[in-house]
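Student: Submitted below is the structure of interest, expressed as structure tokens.
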Amino acid sequence: MSFFRKMSRRTLVRAMIALPALSLLRKLPDANAGETGRSHADPDEIVEVNGWILKRSDLA
Amino acid sequence: MIFDSYEAYRAAGFRPKVCILGSGPAGTTIARKLGAAGIPVVVLEAGSREFSDESQDFYRGTTVGDFYFDLDITRLRYLGGSSNHWAGWCRVLDKQDFEPKAWAPDTGWPIRRADIEPYLPEVHDILELPDFRPDVPVSDDIRWVQLIKSPAVRFGEKYADELDKSRNIAVVLNTYATELAGDGKRVTGARLWSNGQDAGTFSADYFIVCTGGLENSRLLLWSNQRSNGGVVPNAAALGRYWMEHPTFEGGNAILANYSEFEVDAVNEAFFSPTLAAMERLQIMNFGIRLIETPYAGVKRVIADLACTAPDMAEWAAYQLSQNLRCAAQLYVAWEQAPLASNQIELSKTDVDHAGVPRIELHWKKSDLERRTLVEGLKLFGTTLIEKDLGRVRLMDWIANGEDYPTNEETAGHHHMGGTRMGTDVTRSVVDANCKVHGMDNLYVGGSSVFCTSGQANPTTTITALACRLGDHLSKVVSV
């Protein structure tokens, strides 16, 4: 039996959800609002990340 | 009456007042209206009762510019015309589609939507539709719109028996009007081609050209060339302002609640921009088709994952022995800005079997249309965020500003413009009654008279305009 077949279905799904999120965070623009001179990033600001149209708070 | 050849028709001694060229949705609808008014009318159909490669060959042509379908497969040349491969999507053009737009030159019709609305009850009967429903605002920028899937009426099949029994209508198959002759005021006759040879000339008091959104321009361009401008005296716009509905997969969506939007029988919902959004962003009309795949539980999670990590989702689906796909796919079709440079020309080197030059179609999507595609999807994505309904992901080629793909739907097989309606004879070919400018007895039916394309599939508007033209001719033509 392969490694993946030994994993529970729940563990598999959790891992799959986490992986693309990590990918999003890697390419997050303006991730540190302090470095761009703004004291607070607007959590409702619309941002585009890897083709996704997101709210900045989606990336927190 | 339906005749299988021009010879059989001549032997019958039928004397029409009106000659309609083409038996598609426009030609058949106008013929039925005139027949019901007691006006004798002949419909000349170039093809036969069934599809044939020989007939389709007359439609071959070339395209210059953006990738487009082969011109002999994007339309059909037999009884019922292109209704024979119609998918059945129905919606009348929006009210705003008839209005001029300051940011898009040469928009606006000489009629309003209210001018065709009285004919919608007839259209519902012809196309076998349920009632249309009003749009539903989702936000200030986006509205849910109804797009009805009709049973895809094949006009040849539906009306063959009625036409055959009619005493006022004669349908003549296998009879191709290769050119019209005119003296700058009237069409004086049509030259016919039947059974593989010239069949002489044919005359009637009135001629209605309903040969399709590509062929109408071809016939009139060739006729005008042969008659030294005697068929379309004001020909500056003839063949120009041709339009399609570019159609591509635009992206995916993950929805918070998959029952939020009303969907049709195949889990599809449709969205368009509000006029305010179009004005603010200076874009054309567009339609987003959201296709839901209503999974539950783990399947739903994996289907949503397919939007973000398709390879991973494919692997996971394999593990679960399931064939899953992204839970909501977005397809986009949008309105092309009318440009004179998008035009139908006659080939200088290639002719069909009857000696008529084939079409050389010049078609290119503009920067305004690219902006419409991108801003339209962003508008939808922003609306889903603001209403906390979900998230949208654009296809990579759209997000990255790459070229249009050539392996997708490309367009809707909707051929519009070329003989557009208007009051300015330098920018239009027919008037508000679909009569060719300067001609007393020549009219045009079908989507070639469209001034703008909107985002809606054209058959509903074509049929409404045909009902209107049929009513108008019933009053103009004396029996």
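So the sequence lines, in the order shown, correspond to chains A and B. With the first sequence counted from 1, adding 466 to any position gets you the numbering used here. With the second sequence counted from 1, adding 302 to any position gets you the numbering used here. Just so you know, even glycine gets a beta-carbon here, dropped at the ideal spot from N, CA and C.
Counting only beta-carbon atoms, is LEU520 of chain A nearer than 8 Å to chain B?
Tutor: By this cut-off, LEU520 of chain A is an interface position.
Student: Which residues mark the beginning and the end of the beta strand (DSSP E) in which LEU494 of chain B is found?
Tutor: 489-496
Student: Looking at C-alpha atoms only, which residue of B:VAL634, B:SER384 and B:ARG770 is the closest neighbour of ALA734 of chain B?
Tutor: B:ARG770
Student: Just to make sure I have the definition right: I need the residues of chain A whose C-beta is within less than 7 Å of the C-beta of ARG695 of chain B. Which are they?
Tutor: GLY517 and TRP518
Student: Roughly how many angstroms lie between the CA atoms of LEU691 of chain B and ILE444 of chain B, to the nearest whole one?
Tutor: Computed Cα separation, rounded: 13 Å.
Student: State the CB to CB distance for the pair GLY517 of chain A and ALA701 of chain B, rounded to an integer number of angstroms; the pair is presumed to be in contact (CB under 8 Å).
Tutor: 4 Å
Student: Does DSSP put SER574 of chain B in a helix, in a strand, or in coil?
Tutor: strand
Student: So, is the C-beta of THR763 of chain B closer than 8 Å to a C-beta in chain A?
Tutor: no
Student: In chain A, which residues lie with their C-beta within 7 Å of the C-beta of GLY683 of chain B?
Tutor: ILE519
Student: Examine chain A for any beta-carbon lying closer than 8 Å to the beta-carbon of ILE687 of chain B, and answer yes or no.
Tutor: Judged by the 8 Å Cβ criterion, ILE687 of chain B is in contact with chain A.
Student: My output table needs one value for ALA501 of chain B: the three-state DSSP class, helix, strand or coil.
Tutor: Reduced to three states, the DSSP call for ALA501 of chain B is strand.
Student: Following the continuous alpha helix (DSSP H) through PRO423 of chain B, name the residue where it begins and the one where it ends.
Tutor: 422-429
Student: How would you write the range of the alpha helix (DSSP H) that VAL778 of chain B sits in, first residue to last?
Tutor: 761-778
Student: Less than 8 Å between the C-beta atoms of ALA339 of chain B and SER776 of chain B, yes or no?
Tutor: Yes, Cβ-Cβ distance for ALA339 of chain B and SER776 of chain B is below 8 Å.
Student: Do the region 322-339 of chain B and the region 447-463 of chain B make contact, defined as three or more Cβ pairs closer than 8 Å?
Tutor: Per the Cβ contact rule, the region 322-339 of chain B is in contact with the region 447-463 of chain B (3 or more Cβ pairs under 8 Å).
Student: Would GLY514 of chain B and GLY657 of chain B be called neighbours here (beta carbons separated by less than 8 Å)?
Tutor: no
Student: Helix, strand or coil for GLN584 of chain B? Go by DSSP, reduced to three states.
Tutor: coil
Student: Based on the DSSP output, what are the partners of GLY719 of chain B in its beta bridges?
Tutor: DSSP, once it has assigned bridges, lists no residue as partnering GLY719 of chain B.
Student: Using a Cβ-Cβ cut-off of 8 Å, state whether ALA701 of chain B counts as contacting chain A.
Tutor: yes
Student: Let me know if HIS715 of chain B comes out buried or exposed under the rule of 16 or more other beta-carbons within 10 Å of its beta-carbon.
Tutor: buried
Student: Are the beta-carbon atoms of ALA555 of chain B and ARG693 of chain B separated by less than 8 Å?
Tutor: Yes, the Cβ-Cβ distance between ALA555 of chain B and ARG693 of chain B is below 8 Å.
Student: Are the beta-carbon atoms belonging to PHE752 of chain B and MET580 of chain B less than 8 Å from one another?
Tutor: no
Student: Name the chain A residues that come within less than 8 Å of GLY553 of chain B, Cβ to Cβ?
Tutor: GLY517
Student: Between ARG435 of chain B and the rest of its own chain, which residues show a CB-CB distance below 7 Å, the 5 nearest in sequence each way excluded?
Tutor: Contacts found: GLN448.
Student: Alpha carbon to alpha carbon, what distance is there between SER523 of chain A and GLY410 of chain B?
Tutor: 43 Å
Student: Note down the Cα distance separating GLU671 of chain B from PHE369 of chain B, rounded to an integer number of angstroms.
Tutor: 15 Å
Student: As a quick exercise: from B:LEU336, B:ASN759, B:HIS655 and B:GLY720, pick the residue whose alpha carbon is nearest that of GLN499 of chain B.
Tutor: B:HIS655
Student: Hey, does ASP705 of chain B have any beta-carbon neighbour from chain A nearer than 8 Å?
Tutor: no
Student: Within this structure, are the beta carbons of THR477 of chain B and LEU577 of chain B separated by less than 8 Å?
Tutor: no
Student: Enumerate in chain order the residues of its own chain whose CB-to-CB distance from GLY486 of chain B is below 6 Å, with the five nearest sequence positions on each side excluded.
Tutor: These residues qualify, in order along the chain: GLY532 and PRO535.
Student: Check whether the Cβ of LYS680 of chain B lies closer than 8 Å to any Cβ atom in chain A.
Tutor: yes
Student: In whole angstroms, what is the alpha-carbon distance linking PRO407 of chain B and ALA310 of chain B?
Tutor: 50 Å
Student: Kindly indicate which three-state DSSP category PHE434 of chain B falls into: helix, strand or coil?
Tutor: coil
Student: To the nearest angstrom, how far is the alpha carbon of LEU525 of chain A from that of GLN584 of chain B?
Tutor: 31 Å
Student: Please report the residue range of the beta strand (DSSP E) in which LEU686 of chain B lies.
Tutor: Residue range 669-688 is occupied by the alpha helix (DSSP H) that includes LEU686 of chain B, with no beta strand (DSSP E) assigned at that position.
Student: Tell me which same chain residues have a C-beta within less than 6 Å of the C-beta of ASP396 of chain B, skipping the five on either side of it?
Tutor: GLY756
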